[in-house]
Each structure stands twice: as C-alpha cells, then as structure tokens.
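Reviewing the structure listed below.
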Amino acid sequence: MEDVEKVREAIGGVEIPDARIRVLKSECLFSFDSPLSENGLFTSLSTFQSVGYDYLDLYLRKTGSRLYLQTKLVRRRKDQQDEGDNGPTMTQNSTGGVKLQLKDDVFDETTSFSIFLMPERISIPFSNERLPEIVRAAASAVIAAPENDLVADAGGADWEETRQESKYAKNLIQLDNGIRISPDPSSWRCQDSGKTENLWLNLSTGYIGSGRKNWDGTGGSGAALKHFEETGKMYPLCVKLGTITSHGADVFSYAEDENDMVADPLLAEHLAHWGINMQIMEKTDRTMSEMEVDLNQSFEFKHILEGDETLEPVTGAGLVGLENLGNSCYMNSVLQVMFSAPELERRYFGSANLLFASSQENPEEDLITQLAKVAVALSSNRYLDKSVADKNLEGLFPRPRPRMFKSLIGRNHPEFSTGGQQDAMEFYQHLLDQILKAERVGSSRWSEDSGLTSDLFKLELEERLEDTQSKQVQYRKRSDNVLPIFITTDAAVNKEVVEEYEMRKQKRAKLLETGAADDQEEIEPVQLQVPFEACLKHFFRQREIADFTSPVTEKKGTALTSLRISSFPKYLVLQMMRFQFAEDWTPVKLDVLVEAPERLELEPYRGAGIQEGELELPENTASAPPAIVPDAAIVAQLTEMGFSENGAKRAAVATKNAGTEEGMNWVLEHMNDADFNNPIVEQATPEVPLKPAIDQEHVSNLEAMGFTAIQAEAALGATDGNIERAADWLFSRMDNLDQAIAELKNSDQEAQEQSSEQDANGLSDGKGSYELVGFISHIGKHTQVGHYVAHVKKSGKWILYNDDHVAVTKNPPRDLGYLYMYRRVD
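Residues in the sequence shown are numbered consecutively from 9, following this note's numbering.
The structure is reproduced here in structure tokens:
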C-alpha cells in the first residue's frame, strides 16, 4: 500500500482548528524539543499538541493520535568576513533593556513541513498534492496559527525598569518664548558649559543643559538641574535629547516628590512645541538604562560575573543552562539552585518516564510533568551546548526555553504571570507552595513514597517571649522555608576606609566641576564589609518589646523576645536582606559585602523549648495560635525599620503575609492605633484554607453550554474560578467527565486530610552543621530591575549559571549573594 493511502486510512481523528482552539506548536509537552531540534517538532492534527521525536510512541499510547505535522527549522550561519566576531554580545534593546544576543544577520533559516504517520513513522512532504484534503487543511491551519501559543516572551529585558507617569505631564506649562530646537544633533550644546553630550531639554522653558555628574567623573556639569532651581523649581520635566525616537525618550522629573525617571504620555506634543518632530528623530546618545548598565558592569556586574576573568564555558549533564525569555533570570536561577539537590533530581529526573506516562490529558497544565521536563533538561545530556566546542555553532541548536513552565507556574499570579522582573526569593517560596499542592494531589504517581519536596526546605523556628514583670515565658513554634538575615552595617569593619573613600569621591566631583581633575582618572570603589557572623548574631539576639501589657499583671511594661531554630532542615535557605527601605520608604539596595561561609555551624542557635525552672504563661492568654501565623521575614524586616514586633506581626497578619511592602503600607496607616503595639488578639481558624467562592454567574454560563451545575462547580473549583479554563477543562474531558469529577473530589479530600496533619510530620531534623552548595546573586538597584545569576557547587567546582551560559568560576562572589542554599552535613 502506498504511503498516501496509509495516511488516508488514518484521517478519522483529524480536525481543522479554528481561532478558538489553542495550537501548541513551539515546544514539546515532555521536553524542550522545538522545530530547531534534529528531527523537528510533531504537532498532532487531532489534539494540536506537540511532541518531540522521542515521545511519539508515548503520545500515541496516551491519545491514539496517528497523524502529525512535522515542522523542521534549519539554521545555517551566513558567511562572515570576520568569523571571530559572531559571538554573543551584551547589547541594549530599543527600550533600554539589556539582552545577551547574537549579532544581526548571522543566520539563514529554512523551514520545511511534512505529514508524519504513526506508528509506521512514515514522512510525506506537505507539498505532495495527493494528500487528503482534510489533512492538508488541518496542517495549513496549524501552520497559520499564532506562534506565541502559550506565553509571549517579555518585550523588555532584565535591566529594564517600569517608569511611572509624571503627575506634571498632562498640565505641563510650556513658555511661548520663540525658542526652536534644531533637528540636527551636531548643533546641540549645553547653554552653561558648551558640552555636547548628556544634554537635557527642559520641556517648559526650552533650555538645554547637561545632566548631573556621576561620582566617577562621567556625566555632565549639572546645568539642567541648576536651571530648574534657578527658575523657582517650577519646571521639572526634562527630556534627554539624544534618546528621542519614534518609540519614546528618557524623561526625568526634578520635582522633589518624583526626582526620578518618569513617563510623559504627551511627549510628542511637548516636543512639537519646541519644533521637534518625534517621528523622524533617531537615537544618538545612551539612555539612562544603558548608562546604568555601564556603571554596573564596572562594579557589581564585574564582581559577580568576574568581568576581568576569562571564564571556561562547560557543558554536560548538570551543566545545562536555561534561555532567558526576557526578565526570566529570577526563575532560571532558582531552578538551577533547587535542582542541584540530588533528592529533587531523583524525584523528577529519575522518575521522569513514569511521570510522563501518568500525566494529565493536558500535560502543559500538569506541574509535575513540567517539573520532570525541566529536570530532564538540566540533569541529562539531551541539550548539550555544542558551541562550547565550536563557537560557530552558537544558536544553531535548541536550548531549553521554559516557556510552557513559566506560563504554568505563573498562572493567575499577579506578578509571576507578567513579563516583568521579580524577586527571586518570592518566586522560590511561590514555587515550593505550588509544588506542595501538586505533590499532595499526585503522590500516587511515584512508585515509592519519597516525601514532599517542600519538607526538604522546611525549618522550624522557636520564638521565646519573656514577660519581664511576671518572669513567665511563652514558647511558640512556626515553620518556614527561608531564614532572613539582616545586614547590620553598624558592624562594618572598614567604616573609616569607606568614609575616606566617600570624601575622596566628593572632592573629585568638585574638582571635576572646575576642570581641575582628569576625567579619565579612576577611583577604585570601596564597599562596606560586614562579618557574616555579626549578621547572624543580630538575627538571634534578644530584643525588647516596649509597652507590653503583661497578661499576668495586666499592667504595661516590657517583654523580651528571641528566635532559635528548633528543627534543622536538609536544605537551609538564607536570604541576605540586601533590599531595605530609605527614610522616604523607597526600596534601596545596600552596597555592602557580607561573605557567607562555605561551612556554617548553627547548632549554638538550636532551640530547646521551655527550660527547667521557667514558668509558662497561662494558656488562656496570648498563647493560642493565631488565625494567620505572621511571616518571620516580614516581621523581621519591619522591626528592623524601627516598628515594634507586635506592630510588625499585626501588619503581617492584616495583610495575610502579602509582603514587606504591603505590611509597611499597613503600618503607615495604623501606627497611631491605640492597640498597635499590643499582642494580637487571636482567634481560632480552620486548618485547611477555604477555596474561593464559586461565582454563580459563571456556573449559569457553563450550564447554558449544556453542563450540569455540579459539573460546572467542579470545573470552576479545579481552575481557581477561571471560566475560560473551566470550559476548556470540561470540553477536554467529555469522554469521561463523571470519572474526572469523581477523581477531583477524591483528590480534594486527600489534600484536606494531608493538610490537617501537623507541620511537625514534615520536619527533618539533624545536626545544625551545613555546607554551602549554591547561591543566587542580584545585579541592579532593586528586585524589580536588574539581573539574577546562580552559582552552584558541582564536583568540587563552582559553576556559574548566567541563564543559558554556563562556565566554571574561579572566584565565586560569596560576599554579594542574595539567596544562599546550604545542605546539612549528616
């Protein structure tokens, strides 16, 4: 029988997708294979999901799908006169972000399509006119479907910062003084110094002045700021002339209540007032983001990425990077460090085939499957970086691009569902929380019980409270998955050196203003150095609580409180609190070096509970567990700002541990409340969190589609109340809907039973001796901007994971880490 006839016999399940059907044609469900893979990617003409060549048999068994569109993308490097100049470069995109990318016009690309038949593994070119019409129509619809079928790559990049709209923009005063600005950049001059770079146009007066001088001598003379001050601080908005393009420009507000880069929604109109046509302007100067990158590359960037060293690129099992999707370095770094734990590797890589075989009908929505997929990529030889051996192969072969994983893990989350930069610590906690939920429901998918992933990171903190009036004590225990360590700058060992450096910096700035210093002369930066042990002792110190009402005497007095660790986990994650708040409550990053030790001894800080001779506070006082246990990291950070511990706890509980910023906002609104510093009045709480109420309007809409109320409520409950996902859930399970709902109810009951168990069941205690196995560093001003990289210790060597670039590092920057992962030495 001819191959075409065999295809004709298999067309029973073929459908033509319309605009309502999501076509997943960019990434394999079970691997990171793509059209760029050796055998391409295979998209089912029945389900419109895609798999790689090695997973066709598995997918056939799971779905019975026989016909696929095979898409192959072949890249060839164009001939270049300078073959040595085609490597990746650090460049700035049009919005000021930074991306590591290959130079333009490097590749020729060719895409070919075939119809592929399983299980015969017959491939027929799509151009074959004898193919059945329905097959050709279905394949054509798949080819025409949108490329970004799951989550679009972020348009910005790690260094890009979101700018707030200026309050002065919409009602901006613009003087009619006859000034017209030439469109010729060569004619622009600072009206004060005559400088021709870093020029800013005051949008109200038409004055051109240079920007402020940086401490290292770069920048301008500060004429633009001086003009703002000399004109009574009435005209705050300035635009950087050389950055104006049809897409926008850098705008700065000198107003005291903004004093930052801002957005001007009427920029084109404001520029036209001075004769500037925004649509024809071209960029001639560096944006502020680019200048910030240059400065960061000089200091923090170079230190963390060892910019003065030539790092040795490596590849192999465990030495595989993840491609940056645009602001996804926080996710990549957390995954690299967490999956360096052998327990996670065994759980997800070792059981990958078993987990793939038991995956849900929609594997792209199955977190356990997607975690196994990441584990296989990171722990196997499947995606070796061939450019390590030959730089000319850069970009010719696929690298893991975790788009499907990012879409799933961020779904319905207000931050992680976006393309913006995020806090790696918050993502780590979110990831553990989602893994816990998935593993509880899917525990039967492993051949043996190996425990929960979250238990590996769960520590137990013991809080001791002593009422100084009655001398009675109270001990509370709470679990957490991170230990927040504050940086105590008062303990810096080189304060005098830093003060001298700051004086030299100020003196140099004054000399530069008068032209008495050389712009090219460099001053080596000096940073505060704080001993790690000092920060540790600060965390475990005894603190005094003022205005404490004794539950025994019922009189105001003081209390003493301290923290200890009562259970040491297998993996201890420390958060070095580099991000704190300035006096105006804006987030700032501490420019401080704190060298974390490779060996960490915490046994001296072990909590042992109530001691002989101590009297316990009565049970009917503040000892009942609160409805929401205050997050230790939030409480610690708020108390470091000067607020009382009771007030900080109230903020954490009131905001449901949403975060330090939310807690701080609550404090600012309630710090004058009469009971702000009093212990929390606690109440009983259900042990299992309640699910959000089902929207009855959504139920009615699904009933209108032909489903029963019970079916609609079950689907909405399984999809967090999202009606679109609920409808998709129902339609994808039409063949066995009653069974799916029964399994869902059983899973919910099992999860509730497991949730009702005490936290102690998940604790793994051992000696408090640890060794450093990985850490994550942040480059940039604060967590919403910048870049994350990971360092992991593999076979005695420290490895740098900078997204998809992996290299052996000679000097790991243990003094600039943000998150540290220690492994217990048993």
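Ideal Cβ placement from N, Cα and C applies to all residues, glycine included.
In terms of Cβ geometry, G283 and R188 form a close pair [threshold 9 angstroms]. Excluding residues up to 5 positions away in sequence, E173, A177 and K178 lie with their Cβ nearer than 8 angstroms to the Cβ of P273 in the same chain. Take the alpha-carbon of V22 and the one of G427: they are about 35 angstroms apart. In this structure, the CA atom of H281 is about 24 angstroms from the CA atom of K203. When C-beta atoms of the segment 558-566 are compared with those of the segment 473-482, three or more pairs fall below 8 angstroms, so the two segments count as touching.
Using a Cβ distance threshold of 9 angstroms, V816 and K775 do not count as a contacting pair. Partner residues in a beta bridge of E423, as assigned by DSSP, do not exist.
Counting only the Cα atoms, L439 lies some 36 angstroms from D683. Sequence-distant Cβ neighbours of V501 in its own chain, meaning closer than 8 angstroms and more than five residues away, are Q537, V538 and P539. Measuring C-alpha to C-alpha distances from D498 to each of A18, L66, L598 and E290 identifies L598 as the nearest. The three-state reading of DSSP puts M242 in coil, since its state is none of H, G, I, E or B. With a minimum length of 3 residues, the unbroken runs of beta strand (DSSP E) contained wholly in the segment 256-282 fall at 259-261 and 268-270.
For N370 and S135, the gap between their C-alpha atoms comes out near 31 angstroms. Distance check between E779 and each of K445, R822, Y809 and L519 places R822 closest, using alpha-carbon atoms only. DSSP places G250 in the helix class (H, G or I) of the three-state scheme. Around the Cβ of N389, a 10 Å sphere holds fewer than 16 other Cβ atoms; the residue is exposed. Rounded to the nearest angstrom, the gap between the Cα atoms of D65 and E266 is 60 angstroms.
For D463, the number of other beta carbons within 10 angstroms of its own is at least 16, and it is reported as buried. In terms of Cβ geometry, I642 and N665 form a close pair [threshold 9 angstroms]. With contact defined as three or more Cβ pairs closer than 8 angstroms, the segment 50-60 and the segment 68-78 are in contact. The segment 372-405 contains, as complete alpha helix (DSSP H) runs of 4+ residues, the segments 375-387 (chain order).
According to the DSSP assignment, Y483 belongs to the beta strand (DSSP E) that extends over V481 to D488. Excluding the 5 residues flanking it on each side, V12 has same chain C-beta neighbours closer than 6 angstroms at R138, in chain order. When DSSP states are grouped into helix, strand and coil, I493 belongs to the strand group. As the crow flies, the alpha-carbon of M679 is around 8 angstroms from that of G655. The beta carbon of H786 lies closer than 6 angstroms to those of G794, Y796 and Y826 in the same chain, with the five residues before and after it left out. Boundaries around S148 are those of the alpha helix (DSSP H), E141 to A152, since no beta strand (DSSP E) includes it. Secondary structure of M649 (DSSP, three-state): coil. Checking the DSSP bridge columns, you'll see M585 partnered with F494. The Cβ atoms of D703 and I749 do not sit closer than 9 angstroms to each other. Residue pairing by DSSP places P127 in no beta bridge whatsoever.
Boundaries for M829: no alpha helix (DSSP H) harbours it, while the beta strand (DSSP E) harbouring it runs G825 to R832, taken from the DSSP string. Taken in chain order, the whole alpha helix (DSSP H) runs of length 4 or more contained in the segment 327-366 are 337-346 and 360-365. The way I'd put it, the segment 580-588 doesn't touch the segment 804-811; fewer than three beta-carbon pairs between them come closer than 8 angstroms. DSSP, read as helix, strand or coil, puts Y778 in strand.
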